[in-house]
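These notes concern the structure reproduced below.
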Amino acid sequence: MIWGDKNLAIVGGDDREIVLIQELTHKGYSLRVFGFPGDMISKQVQVCRSVSEAVTGARVVILPMPGIKDNRQLYTKYMPGGVRVEKEDFSGIGFEACVLVGIASQYLKSLAQLFSFHLVEVAEQDSVAIPNSIPTAEGAIQIAMEKVPITIHGAKVLVIGFGRVADTLAFKLKALGAIVTVAARNPAQLAKCCVLGYQVVELNNLAKYIGEADLIYNTVPAPVLGKKILNQVKKDVLIIDLASSPGGTDFPAAENLGVTAILAPGLPGKIAPITAGKILAQAYPPLIDSWLSRCTDG
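Residue numbers (my numbering): 2 to 299.
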């Protein structure tokens, strides 16, 4: 379905958005974009010189998964100097437009309230989160293979949380021969883990097991690995925190204790940007079409 030039804008991002632009153009969408070199973009796409130019009159705006931070910085790989987004940049956005973003900062939420646009956070939608769990899990395992002096096979691996990412990660770790323990609060999740052949521990009892782990993955976006717990881990353990920034690990405490802890959000875009871009290209059209149809009907 082809829509007018002023309906759809893509602002900022990385290689995922390059793929997304290509896929949406191929599907017939007419786009305006900002934050990408002109030689990387099809001539069918209008390359804008500012955020304001791109979003003015837009009915749908696609922001990168990390969005716009509270310090007003737009996530954009191809503009090393950075881009600061001021309130005025969104003042011309279409009335009751839809803005798609992975995770919305408080600043972006304040812009939505100020300019009356509809904000959709896609990172937790199944159509994005479940497919994205695969490159996230593969990237998380790659980091471990590069950093630890033992094989995954036979390693005692603790996975904290059992959401979409943790589910896929635990499955892949077990397939590699790891001894997987999952820590979670939800009794149904713990029961499922038992059925799948994982060892389980209630999150409240984490301290009783954590000292046995060779490798720890955290997927819980809450402070679960504080100083008290970190005092009980092996000194040569590796902690990989996959939760959204700032993660669930007390990183200063880990450093003071000599424990290696890595915050690793956004792995799909770093590890497999083509796959991640195609995931977005599959997930976004239904959202875009639904909103533009609503605008047309209105």
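Even glycine gets a Cβ: it sits at the ideal position worked out from N, Cα and C.
Other residues of its chain near residue i: CB distance less than 8 Å, five sequence neighbours each side excluded
i, result
"G155", "G178, A179 and I180"
"S275", "Reading off the sequence, residue 275 comes out as Ile, not Ser. Excluding positions up to five away in sequence, the list reads D16 and V20."
"S117", "F96 and E97"
"V238", "A214, D215, L216, I217, V260 and T261"
Candidates the options, of which the one nearest residue i by Cα
i, options, result
"L101", "I63, G82 and V129", "I63"
"E125", "F116, R50, L226 and I104", "I104"
"F252", "K28, N232, E24 and A98", "N232"
"A265", "A184, I144 and E89", "I144"
"Q107", "P67, A98 and A130", "P67"
"I263", "I142, P286, L174 and A98", "I142"
"I153", "G140, L174, D168 and G164", "L174"
"L197", "P224, A176 and G249", "A176"
"L25", "G13, S43 and K148", "S43"
"F172", "Y199, P224 and R73", "Y199"
"N206", "P222, A189, L226 and P65", "L226"
"N72", "L120, I94, H119 and V86", "V86"
"E122", "E54, T137 and I69", "I69"
"T137", "D90, A254 and S245", "S245"
"D290", "L243, Y79 and C99", "C99"
"L268", "A130, L115 and E54", "A130"
"L243", "D90, C49, A55 and P222", "P222"
"M41", "P65, E54 and K78", "K78"
"L204", "R186, Y210, Q23 and I211", "R186"
For residue i, three-class secondary structure by DSSP
i, result
"G58", "coil"
"N205", "helix"
"C195", "helix"
"I289", "helix"
"V149", "coil"
"K7", "Note that K7 has pLDDT 44, beneath the 50 cutoff, so the model's placement of it is unreliable and no number is given."
"G103", "coil"
"G68", "coil"
"D90", "helix"
"G155", "coil"
"N257", "helix"
"N219", "strand"
"M2", "Residue confidence for M2 is low, a pLDDT of 39 falling below 50, so the modelled location carries little weight; the figure read from the coordinates is stated next. The answer is coil: DSSP assigns M2 none of H, G, I, E or B."
"G83", "coil"
"Q233", "coil"
"R295", "helix"
"L75", "strand"
"D15", "coil"
"V225", "coil"
"D242", "strand"
"I42", "coil"
"L114", "Per the sequence presented here, residue 114 reads as Gln, with Leu not at that position. It is helical."
"L25", "helix"
Within 7 Å, strictly: CB atoms of residue i and residue j
i, j, result
"L75", "V84", "yes"
"L220", "V166", "Before going further, note that residue 220 is Thr rather than Leu in the sequence given. Contact: yes."
"C194", "V201", "yes"
"P132", "I11", "no"
"G164", "I272", "no"
"Q47", "R33", "yes"
"I230", "A208", "yes"
Residue i versus residue j - alpha carbon distance
i, j, result
"I111", "S92", "The question names Ile, but residue 111 is Ser in the sequence shown. Approximately 13 Å, taken between the alpha carbons."
"V20", "G39", "14 Å"
"V260", "I241", "11 Å"
"S51", "F35", "6 Å"
"S31", "L9", "7 Å"
"D15", "K88", "23 Å"
"T169", "Q283", "20 Å"
"P224", "A214", "19 Å"
"P286", "K228", "45 Å"
"L120", "A113", "7 Å"
"L1", "E147", "Missing from the structure shown is residue 1; the chain here goes from 2 to 299 and no further."
"A192", "V160", "15 Å"
"I3", "G249", "Reliability of the predicted coordinates at I3 is poor, the pLDDT of 41 falling under 50, and no value is obtained from them."
"V149", "G29", "47 Å"
"G162", "K236", "22 Å"
"V234", "A184", "15 Å"
"S128", "H27", "20 Å"
"I211", "I135", "25 Å"
"N257", "I151", "24 Å"
Contacting residues, own chain, Cβ-Cβ under 6 Å from residue i (five flanking each side not counted)
i, result
"G278", "R17, V20 and L21"
"K7", "Only weak support exists for where K7 lies, its pLDDT of 44 falling under 50; the value from the coordinates is given anyway. So the list reads G58, once near-sequence residues are dropped."
"G270", "D15, R17 and A277"
beta-carbon residue i near the ligand NAD non-hydrogen atom, thresh 6 Å
i, result
"A10", "The ligand NAD is not part of this structure, which contains no ligands at all."
Neighbourhood of residue i by C-beta, 7 Å cutoff - its chain only, sequence neighbours within 5 removed
i, result
"L115", "K88"
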